[in-house]
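Taken in order, these protein sequences are the chains called A and B. Heads up: take any position in the first sequence, counting from 1, add 7, and you land on the numbering used here. Heads up: take any position in the second sequence, counting from 1, add 54, and you land on the numbering used here. Here a beta-carbon is modelled for each residue, glycine too, at the ideal position from N, C-alpha and C. The structure under discussion appears below in the form of structure tokens.
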Amino acid sequence: MDEIDVFNRALSLAEIQSIFNAGTAGKFKGQVHPEFGVYNIADPQSYVGATFVAPNSAVPPQPATTVIEYARACGFDHFNWQNQITHNSAARAGSDVEPRNPGPLIASGNVAYFGIPVSPQDNHCISDWIGCSLIAPPTFFDPPQGSYTYLQFLWNPYPYYIPSALPNLLVPGACLVPGGCPPLRNVISLDGTTLSFADAPNLSHLSGETPSTFPSGAFIAFATALVGVDSLGNAHSFGAAASFTWNSTFNGRAGGVHQTALAHLTDPGSGTGGVTITGIGGVALPPVVPIDQVATTASGLVYSRVSQTFNGTVTIRNTSSRGISGPLQILFFGMPATATLMNATRNITGTPYLTVPVASLAPGQSTTVTVQFKNPSNVAITLNPVVYAGSIN
Amino acid sequence: MPGASTNMRRSFSVLIVFLCFAPIALGGPITYHATVNTSSISGTAGSLDYNFNPGPFITQAATLQIVGFSSNGTLVGSPVLTGDVSGTLPATVTFDNGTAFNDYFGAFTFGTVLSFDLSFSGPGLAAPDGTSASGSAFAFSMFSDAAGTIPVLTSDTTNGFAFTVNVNLDGTTTVTNSSAQTAVAPATSGTPEPASLVLMGIGVVVGVLRFRYLQ
Numbered sequence: 008m009d010e011i012d013v014f015n016r017a018l019s020l021a022e023i024q025s026i027f028n029a030g031t032a033g034k035f036k037g038q039v040h041p042e043f044g045v046y047n048i049a050d051p052q053s054y055v056g057a058t059f060v061a062p063n064s065a066v067p068p069q070p071a072t073t074v075i076e077y078a079r080a081c082g083f084d085h086f087n088w089q090n091q092i093t094h095n096s097a098a099r100a101g102s103d104v105e106p107r108n109p110g111p112l113i114a115s116g117n118v119a120y121f122g123i124p125v126s127p128q129d130n131h132c133i134s135d136w137i138g139c140s141l142i143a144p145p146t147f148f149d150p151p152q153g154s155y156t157y158l159q160f161l162w163n164p165y166p167y168y169i170p171s172a173l174p175n176l177l178v179p180g181a182c183l184v185p186g187g188c189p190p191l192r193n194v195i196s197l198d199g200t201t202l203s204f205a206d207a208p209n210l211s212h213l214s215g216e217t218p219s220t221f222p223s224g225a226f227i228a229f230a231t232a233l234v235g236v237d238s239l240g241n242a243h244s245f246g247a248a249a250s251f252t253w254n255s256t257f258n259g260r261a262g263g264v265h266q267t268a269l270a271h272l273t274d275p276g277s278g279t280g281g282v283t284i285t286g287i288g289g290v291a292l293p294p295v296v297p298i299d300q301v302a303t304t305a306s307g308l309v310y311s312r313v314s315q316t317f318n319g320t321v322t323i324r325n326t327s328s329r330g331i332s333g334p335l336q337i338l339f340f341g342m343p344a345t346a347t348l349m350n351a352t353r354n355i356t357g358t359p360y361l362t363v364p365v366a367s368l369a370p371g372q373s374t375t376v377t378v379q380f381k382n383p384s385n386v387a388i389t390l391n392p393v394v395y396a397g398s399i400n
Numbered sequence: 055m056p057g058a059s060t061n062m063r064r065s066f067s068v069l070i071v072f073l074c075f076a077p078i079a080l081g082g083p084i085t086y087h088a089t090v091n092t093s094s095i096s097g098t099a100g101s102l103d104y105n106f107n108p109g110p111f112i113t114q115a116a117t118l119q120i121v122g123f124s125s126n127g128t129l130v131g132s133p134v135l136t137g138d139v140s141g142t143l144p145a146t147v148t149f150d151n152g153t154a155f156n157d158y159f160g161a162f163t164f165g166t167v168l169s170f171d172l173s174f175s176g177p178g179l180a181a182p183d184g185t186s187a188s189g190s191a192f193a194f195s196m197f198s199d200a201a202g203t204i205p206v207l208t209s210d211t212t213n214g215f216a217f218t219v220n221v222n223l224d225g226t227t228t229v230t231n232s233s234a235q236t237a238v239a240p241a242t243s244g245t246p247e248p249a250s251l252v253l254m255g256i257g258v259v260v261g262v263l264r265f266r267y268l269q
């Protein structure tokens with residue numbers, strides 16, 4: 008007998024069931040890292056998203072394992088995504104802009120957010136336009152299972168996030184966007200085999216400070232991780248291998264790191280900003296080449312019965328007036344779980360990339376690489392290529 | 055007014071020259087005629103494969119038709135159609151690029167020759183949107199086995215393509231031929247398209263007017 012715990016309250020039936028289901032696996036196996044599975048980041052320039060696919064689900068005809076089943080097999084109650092702010096370049100000493108720079112958010116009071124609808128009255132909000140005090144929120148696990156649907160307030164009390172741009176999920180009255188906004192998403196697929204996350208944060212929601220006072224190039228850095236959640240709602244990290252980092256620029260009167268129009272503009276008069284993935288699975292990425300400096304195009308993909316692959320080419324062209332130093336890395340975000348880039352230089356937890364070994368790319372110059380995909384399920388391959396300049400270690 | 059007459063004649067001449075060089079089939083299909091000398095594998099029980107697919111990024115719609123299939127070989131059994139494909143050879147087979155894999159595969163006993171036309175059309179060719187990032191691509195392959203695993207009549211031993219046609223982002227097409235036994239060439243238009251007829255009609259009218267003016 009091990010893992011003896013004394014509780015100062017009665018456990019719920021669900022908690023008892025969870026412990027029973029864990030069986031010999033034990034109540035908590037935080038020290039055992041489950042296989043991370045396929046991990047996709049979709050469309051990083053308008054919102055950030057990721058999908059965790061339970062092992063054995065990606066390649067039919069192996070029997071599917073649901074996310075919940077896999078979590079229970081690992082000794083957890085379920086999985087979830089954890090978002091933390093790691094840097095806010097707009098914050099200044101003495102400023103009311105939260106979170107302060109640098110450092111993650113500090114827990115205060117409420118700790119259990121997994122699968123539990125969080126009351127908007129809790130002290131989670133940072134100083135924003137609905138009059139919340141400057142109480143630092145707890146570590147921000149966002150969004151909870153089932154997503155947030157705060158219809159009571161004019162503004163989402165979680166100011167880092169505006170709903171992602173998925174028109175089929177519009178929620179009337181959820182925000183100021185005409186027609187309503189979709190809820191923040193943290194959803195399990197209908198067949199239970201994937202756990203997805205999508206978000207479109209916007210810096211202008213961070214405080215009442217006017218965006219025009221933000222310094223040029225301001226951004227907020229985030230770390231998002233897949234975590235295992237035990238029966239008591241405590242999160243257990245799998246380390247950097249199960250995480251990715253990203254920057255969000257605000258919607259920009261003063262510029263930004265990566266200028267791309269957001270689908271939902273909180274300030275239509277300015278309206279730029281976006282998301283740049285800066286690291287995946289503990290692997291730091293070199294600087295991104297802004298999309299207004301490089302054009303990435305591809306041929307169609309013809310299928311070979313001999314190699315049983317879809318084959319084509321990808322071309323990147325320097326559309327700027329200055330040279331771009333190499334080597335260049337083309338990351339293919341949004342790779343379907345059942346498809347594989349066979350000639351990838353490397354695959355970082357589900358996101359493949361190709362290295363283009365050029366010393367530099369002169370203005371107007373193009374370079375072309377071949378791509379070869381395995382796609383046994385013949386699913387649509389619609390990738391979002393992002394070019395980075397520099398080496399990946 | 056001799057000067058005015060000269061100017062009028064010059065204007066008519068410029069107009070006629072313009073009409074002669076105007077795109078006479080803007081929006082019309084791009085057609086290739088393919089002929090394969092299969093005499094070296096005549097009698098082989100093999101197979102044929104055609105596929106037409108989008109790229110990995112946003113792709114504009116396009117359509118392909120295989121028309122005029124002709125051969126002294128024999129089409130065997132029922133073909134396997136995958137994705138957005140309809141029709142059965144030797145009748146017209148129509149593809150679009152709406153799914154990732156649009157494929158026509160069928161068993162075929164080779165004769166000494168086979169030929170067909172490929173007709174590409176649709177917005178991706180007629181009206182490139184300038185925002186799509188992927189083209190589409192077609193591939194034709196021949197195999198010496200019914201299962202489609204042993205490519206023949208091609209130097210492309212890696213993928214087995216006899217030839218491919220890329221639909222580029224600007225609406226043009228590019229042929230890559232890896233088969234010494236295959237000839238692929240733009241097909242000459244046998245029947246003027248409606249747009250061509252309109253332009254030809256305008257040309258006739260202008261010609262008649264100019265003739266009357268000179269009279």
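| Item | Value |
| --- | --- |
| What are the residues that DSSP puts in a beta bridge with residue 287 of chain A? | A:251 and A:290 |
| Look up residue 78 of chain A in the DSSP assignment and say whether it is helix, strand or coil. | helix |
| Helix or strand or just coil, what does DSSP make of residue 338 of chain A? | strand |
| Just the Cα atoms here: how many angstroms apart are residue 339 of chain A and residue 290 of chain A? | 15 Å |
| Looking only at its own chain, which residues have a Cβ that is under 7 Å from the Cβ of residue 84 of chain A, when we skip the five neighbours before and after it? | 25, 78, 236, 237 and 238 |
| Quick one: grab the DSSP three-state call for residue 233 of chain A. | strand |
| Would you tell me roughly how many angstroms separate the C-alpha atoms of residue 230 of chain A and residue 228 of chain B, rounded to the nearest one? | 45 Å |
| Report the option in A:252, A:324 and A:82 whose CA atom is closest to the CA atom of residue 369 of chain A. | A:324 |
| Excluding the five sequence neighbours on either side, which residues of its own chain have a C-beta within less than 6 Å of the C-beta of residue 336 of chain A, listed in chain order? | 360, 362, 395 and 399 |
| When you compare only the Cα positions, how much space is there between residue 129 of chain B and residue 161 of chain B? | 6 Å |
| Mapping DSSP to helix, strand and coil, what is residue 361 of chain A? | strand |
| Please go through the segment 132-186 of chain B and give each complete alpha helix (DSSP H) segment of 4 or more residues, from N-terminal end onward. | 177-180 |
| Measure from the C-beta of residue 218 of chain B to each C-beta in chain A and report whether the shortest distance is under 7 Å. | yes |
| Which same chain residues, not among the five before or five after residue 90 of chain B, have their C-beta less than 6 Å away from its C-beta? | 168, 235 and 236 |
| Using the Cα positions of residue 102 of chain B and residue 352 of chain A, report the straight-line distance between them to the nearest angstrom. | 33 Å |
| To the nearest whole angstrom, what separates the beta carbons of residue 221 of chain B and residue 179 of chain B, a pair I think is in contact under 8 Å? | 6 Å |
| Starting from the beta carbon of residue 392 of chain A, find every residue of chain B whose beta carbon is closer than 9 Å, and list them in chain order. | 110, 111 and 187 |
| Which residues in the same chain have their Cβ closer than 7 Å to the Cβ of residue 137 of chain B, if we skip the five residues on either side of it in sequence? | 153, 155, 156 and 157 |
| Whose C-beta lies closer than 7 Å to the C-beta of residue 75 of chain B among residues of the same chain, with five residues either side of it excluded? | Note that residue 75 of chain B has pLDDT 34, beneath the 50 cutoff, so the model's placement of it is unreliable and the number below is only indicative. Here the set comprises nothing. |
| Just to confirm my understanding: we take residue 165 of chain B, look at its own chain, exclude 5 residues before and 5 after, and list those with CB closer than 7 Å. What are they? | 92, 96, 125, 126 and 127 |
| According to DSSP, is residue 331 of chain A helix, strand or coil? | strand |
| The beta strand (DSSP E) spanning residue 121 of chain B covers which residue range? | 117-125 |
| Residue 159 of chain B: beta carbon under 6 Å from a heavy atom of the ligand ADP? | As presented, the structure is devoid of all ligands, the ligand ADP included, so that no description of it is given. |
| Please tell me whether residue 309 of chain A and residue 191 of chain B are closer than 7 Å, where the distance is taken between their beta carbons. | yes |
| Anything in chain B within Cβ reach of residue 314 of chain A, meaning under 7 Å, just list it in chain order. | 212 and 213 |
| From the DSSP output, read off the bridge partner residues of residue 367 of chain A. | A:332 |
| Is residue 205 of chain B close to chain A? Criterion is C-beta to C-beta, closer than 7 Å. | yes |
| If you draw a straight line from the alpha carbon of residue 98 of chain B to that of residue 131 of chain B, how long is it in whole angstroms? | 15 Å |
| Does any residue of chain B have a CB that is nearer than 7 Å to the CB of residue 357 of chain A? | no |
| Grab me the residues of residue 333 of chain A's own chain with a C-beta within less than 6 Å of its C-beta, minus the 5 sequence neighbours each way, in chain order. | 365, 366 and 367 |
| Check each residue of the segment 292-309 of chain A: if its Cβ is closer than 7 Å to any Cβ of chain B, include it; give the result in chain order. | 303, 304, 305, 306, 307, 308 and 309 |
| Run the CB neighbour count on residue 329 of chain A, radius 10 Å, all protein chains shown included, and call it buried at 16 or more, exposed below. | exposed |
| Against chain B, with Cβ distances strictly below 7 Å, would residue 341 of chain A count as a contact? | no |
| If you check the beta carbons only, do residue 386 of chain A and residue 321 of chain A fall under 7 Å apart? | no |
| From residue 448 of chain A to residue 397 of chain A, what distance separates their C-alpha atoms? | A question about residue 448 of chain A goes unanswered here, because the residues of chain A that appear run from 8 up to 400. |
| At least one CB of chain D closer than 7 Å to the CB of residue 198 of chain B: is that the case? | The structure shown contains no chain D; the protein chains it does contain are A and B. |
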